[in-house]
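Step one of this worksheet: look at the structure below.
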Amino acid sequence: MSSKRPVRIANCSGAAGDPGDHMLAQAQGGPVDFITGDYLAEVNLAWYVEPYKKGQHPGYVPTALDGLTKSLDLINERKIKVIINGGGLNPKGLAEKVQELADAKGYPLVVAYLEGDDLFPRLQKLLSSNDLKHIDSENKQIHLSTRSQSFPPKDPRDIVSANAYLGSRAIRAGLEAGADIIICGRVADASPVIAAAQYWHGWSDDAFDELAGALLAGHLIECSTYITGGNFAGFDRYRTEDLLNLACPIAEVDAAGSCVITRNDSLRGYVTTDSVKCQLLYELQGNMYLNSDVKADLTNVKVSQLEENRVLVNGVRGHPPPPTTKLAIYYKGGYQGEFTINATGLNTSLKYDLQELQIRNKLKEWGVLESLDVLEFQRLGSPVENPRSQNASTTSLRIFVQSPKSEDVQKVFHAYAYTAMQHFPGMHSSLDFRMMMEPKSFLLYYPALVQQSEITQQVHFLGGKSTHLHITVSGAPPLTEPLGQRRNVDPVAGDQGSDADTVMMPLGRIALARSGDKGSNVNIGFFPRDEAAWPWLRAFLTRQKMQILMGDDWVENEMYVERVEFPGILAVHFVIYGALGQGVSSSARLDALGKGFAEFVSAVHVPIPKEFIL
Numbered sequence: 027m028s029s030k031r032p033v034r035i036a037n038c039s040g041a042a043g044d045p046g047d048h049m050l051a052q053a054q055g056g057p058v059d060f061i062t063g064d065y066l067a068e069v070n071l072a073w074y075v076e077p078y079k080k081g082q083h084p085g086y087v088p089t090a091l092d093g094l095t096k097s098l099d100l101i102n103e104r105k106i107k108v109i110i111n112g113g114g115l116n117p118k119g120l121a122e123k124v125q126e127l128a129d130a131k132g133y134p135l136v137v138a139y140l141e142g143d144d145l146f147p148r149l150q151k152l153l154s155s156n157d158l159k160h161i162d163s164e165n166k167q168i169h170l171s172t173r174s175q176s177f178p179p180k181d182p183r184d185i186v187s188a189n190a191y192l193g194s195r196a197i198r199a200g201l202e203a204g205a206d207i208i209i210c211g212r213v214a215d216a217s218p219v220i221a222a223a224q225y226w227h228g229w230s231d232d233a234f235d236e237l238a239g240a241l242l243a244g245h246l247i248e249c250s251t252y253i254t255g256g257n258f259a260g261f262d263r264y265r266t267e268d269l270l271n272l273a274c275p276i277a278e279v280d281a282a283g284s285c286v287i288t289r290n291d292s293l294r295g296y297v298t299t300d301s302v303k304c305q306l307l308y309e310l311q312g313n314m315y316l317n318s319d320v321k322a323d324l325t326n327v328k329v330s331q332l333e334e335n336r337v338l339v340n341g342v343r344g345h346p347p348p349p350t351t352k353l354a355i356y357y358k359g360g361y362q363g364e365f366t367i368n369a370t371g372l373n374t375s376l377k378y379d380l381q382e383l384q385i386r387n388k389l390k391e392w393g394v395l396e397s398l399d400v401l402e403f404q405r406l407g408s409p410v411e412n413p414r415s416q417n418a419s420t421t422s423l424r425i426f427v428q429s430p431k432s433e434d435v436q437k438v439f440h441a442y443a444y445t446a447m448q449h450f451p452g453m454h455s456s457l458d459f460r461m462m463m464e465p466k467s468f469l470l471y472y473p474a475l476v477q478q479s480e481i482t483q484q485v486h487f488l489g490g491k492s493t494h495l496h497i498t499v500s501g502a503p504p505l506t507e508p509l510g511q512r513r514n515v516d517p518v519a520g521d522q523g524s525d526a527d528t529v530m531m532p533l534g535r536i537a538l539a540r541s542g543d544k545g546s547n548v549n550i551g552f553f554p555r556d557e558a559a560w561p562w563l564r565a566f567l568t569r570q571k572m573q574i575l576m577g578d579d580w581v582e583n584e585m586y587v588e589r590v591e592f593p594g595i596l597a598v599h600f601v602i603y604g605a606l607g608q609g610v611s612s613s614a615r616l617d618a619l620g621k622g623f624a625e626f627v628s629a630v631h632v633p634i635p636k637e638f639i640l
């Protein structure tokens with residue numbers, strides 16, 4: 027085992043919109059060995075394809091260049107290594123920009139870039155081999171959407187991108203060959219952190235416990251400020267002004283793979299066991315966390331506060347990775363539009379019934395209704411009784427439509443306009459109908475599994491003595507094993523919660539929660555505010571109870587629930603398959619990323635034992 031001190035890995039981004047100032051702040055704020063950044067959501071690369079081809083987008087993430095431009099002096103001075111996926115579709119282009127900046131300043135920095143994630147040129151061959159199964163196809167309980175079942179599209183030209191989620195091996199090889207800054211495209215969120223920790227400590231490829239610890243560390247810090255106070259269910263404990271200008275986190279990964287999550291002392295934000303648990307539970311797919319290099323079993327993970335803004339995370343176990351990795355395929359889905367109208371006062375339900383019937387009836391008369399893939403009338407909010415303002419008495423109807431033809435989307439608005447003067451009493455709206463007058467194209471998402479043996483990664487060096495060096499990493503890791511059946515358990519017979527008197531109150535009064543998206547699915551994790559409530563909470567939160575808590579949002583025969591527990595952090599975790607349609611790029615949900623799902627469920631009233639009410 028390595029005798030080196032823990033490696034300090036600072037995050038600088040969790041989304042394309044995170045500013046370059048985050049990277050600068052991490053370089054300025056204190057001693058760090060690495061800066062890593064995750065700039066790419068699942069759909070970013072697909073969004074970049076068309077404008078990149080037309081010369082309207084650089085292909086890489088502009089904020090990544092901004093961060094490197096602002097931070098390059100300190101990166102050179104303090105010998106900080108940088109690994110980011112901000113290269114997007116054009117890691118070479120971003121790497122060349124950064125190398126030019128370094129050369130112009132006379133810095134001896136070696137910039138490299140990683141390629142190999144783009145499988146679009148080979149996609150038709152892979153499809154013809156019938157080897158691209160849907161990522162959820164092995165679970166026979168799951169009902170794939172009609173659109174997913176009809177993949178691939180009839181016209182292969184409709185497919186716009188196909189990018190594999192790469193692991194850490196090629197990045198680590200680049201570090202070992204002397205790279206100071208490595209620009210990646212589509213790598214898995216935690217891969218830069220795994221590479222940094224493995225390089226630093228010299229772990230072998232079969233040091234699975236250590237690699238799993240680094241994978242979890244990467245998961246914890248990859249979402250920017252989500253672990254220092256952002257998107258935090260317990261935000262109400264703090265003054266609003268204390269949640270401004272939050273710091274990105276730092277992971278100190280030791281030789282055994284355990285990590286301490288912290289932040290620079292000069293910056294703002296809160297690192298607590300609760301903020302760490304919330305991020306740990308974010309965007310999971312159960313107790314097994316997958317990467318191309320390792321499977322991390324999170325069942326017995328533990329979280330403990332060492333001191334202010336320092337939280338220890340350990341207990342994760344590692345196993346060989348699966349022989350496959352995720353391949354994100356995006357293809358043209360048609361056109362979509364939406365608009366919103368408002369109702370005020372009494373009889374809101376009847377008002378919206380009338381509005382929906384008017385539009386549907388006219389579309390049926392015109393023979394358009396059957397040509398629409400999606401037409402939803404979503405009722406948002408409830409009016410306050412005995413209101414003190416018009417706003418308090420107003421709710422909204424969101425009308426959302428998708429169709430293969432742009433003109434059919436427009437006809438939905440024409441149907442609304444045709445009957446507009448027959449509207450219900452008090453109907454009003456904004457006057458911005460651009461999304462209906464000029465429907466936008468949308469993309470469908472197909473998350474496939476591709477064999478790692480099909481992937482060849484290359485690290486290309488631009489600067490220093492290694493200018494003409496190219497490192498190739500081909501195929502799967504030396505040791506792999508199938509994923510196996512996902513764990514899915516309810517409390518065992520005999521598990522008991524409290525028998526105390528209860529009172530109907532929001533679940534969130536005694537539990538914190540975090541939710542997020544993974545393609546078509548939404549995940550949600552809960553843990554008690556007070557540890558004494560854990561036996562009751564775990565007994566209460568069964569799979570059937572989750573369906574009940576979802577209320578009208580639960581769709582029988584389209585959704586499926588999996589449940590696991592993490593006893594080391596007193597948490598219950600669910601995955602609800604099919605809750606987000608076919609993913610954020612085409613979802614009709616107002617909350618297409620599933621971030622508000624936890625807040626919704628936390629607001630549902632349940633019978634809570636009085637002894638646990640804080």
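For the sequence shown, the numbering used here gives the first residue as 27, with consecutive numbering after it. C-beta atoms are modelled at their ideal positions from N, C-alpha and C, and glycine is treated no differently. Quick caveat: nothing in here was measured; it's all calculated off a predicted structure.
- DSSP places CYS285 within a strand segment (E or B) once states are collapsed to three.
- Annotated three-state conformation of HIS245 is helix, per DSSP.
- Beta bridge pairing from DSSP links PHE553 with LEU538.
- The Cβ-Cβ distance between VAL69 and ARG34 does not fall below 8 Å.
- A straight line joining the alpha-carbon of GLY113 with that of THR95 spans about 14 Å.
- DSSP lists THR370 as the beta-bridge partner residues of THR420.
- In this structure, the alpha-carbon of GLY407 lies about 37 Å from that of PRO77.
- Take ASP319, set aside five residues on each side of it, and the residues of its chain with a beta-carbon closer than 7 Å to its own are GLY193, SER194, ARG195, ILE220, LEU237, PRO347 and PRO503, in chain order.
- Spatial neighbours of ILE61 in its own chain (CB-CB distance under 7 Å, excluding positions within 5 residues in sequence) are listed in chain order as ALA36, CYS38, MET49, GLN52, ALA53, ILE106 and VAL108.
- Annotation: ILE481 to PRO147 spans about 12 Å, alpha carbon to alpha carbon.
- Assignment of SER187 by DSSP, reduced to helix, strand and coil, places it in the strand class.
- Around the C-beta of HIS494, fewer than 16 other C-beta atoms lie within 10 Å, and the residue is accordingly described as exposed.
- Rounded to the nearest whole angstrom, the C-alpha separation of CYS210 and ASN111 is 4 Å.
- Taking the Cα positions, PRO413 is about 14 Å away from ALA369.
- For the pair SER613 and GLY510, the Cα-to-Cα distance works out to about 29 Å.
- Within the region 442–514, the complete beta strand (DSSP E) segments of 3 residues or longer fall at 466–477, 482–487 and 496–500, listed in chain order.
- Going by DSSP, ALA51 is part of no beta strand (DSSP E) but of the alpha helix (DSSP H) stretching over 47–55.
- Under the three-state reduction of DSSP output, LYS328 falls in the strand class.
- Sequence-distant Cβ neighbours of LEU324 in its own chain, meaning closer than 8 Å and more than five residues away, are LEU242, LEU306, LEU310, ASN313, MET314, TYR315, VAL342 and PHE592.
- Contact between the region 345–359 and the region 459–471 is present: three or more C-beta pairs spanning the two stretches fall below 8 Å.
- Contact between the region 239–255 and the region 126–146 is absent: fewer than three C-beta pairs spanning the two stretches fall below 8 Å.
- Within its own chain, the residues whose Cβ lies closer than 7 Å to the Cβ of PHE553, once the five positions on either side in sequence are excluded, are LYS303, ALA537, LEU538, ILE595, LEU596 and ALA597, listed in chain order.
- For VAL124, the uninterrupted alpha helix (DSSP H) run begins and ends at 117–131, by DSSP.
- With a contact defined as Cβ atoms closer than 8 Å, THR366 and SER301 miss out at about 34 Å.
- TYR264 is classed as exposed because its beta carbon has fewer than 16 other beta carbons within 10 Å across all chains shown.
- MET531 and SER375 have their C-alpha atoms roughly 26 Å apart.
- For HIS345, DSSP records a beta bridge to LYS321.
- Between HIS160 and SER174 a beta carbon distance of about 6 Å is seen, short of the 8 Å cut, so the two are scored as contacting.
- For LEU135 and SER541, the gap between their C-alpha atoms comes out near 40 Å.
- Within the same chain, and ignoring the five residues on either side of GLN224 in sequence, the residues whose Cβ sits closer than 6 Å to its Cβ are ARG198.
- Secondary structure of ALA90 (DSSP, three-state): helix.
- The beta carbon of VAL515 lies closer than 8 Å to those of ARG589, VAL590 and GLU591 in the same chain, with the five residues before and after it left out.
- Nearest neighbour of LEU270 by Cα position, chosen from VAL279, TYR296 and ALA259, turns out to be TYR296.
- Per DSSP, GLU76 is one residue of the alpha helix (DSSP H) stretching across 70–79.
- Residue nearest to LYS328 within the set ALA41, ALA418, SER292 and VAL286 is VAL286 (criterion: CA-CA distance).
- Residue state for ARG173 is assigned as helix, using DSSP reduced to three classes.
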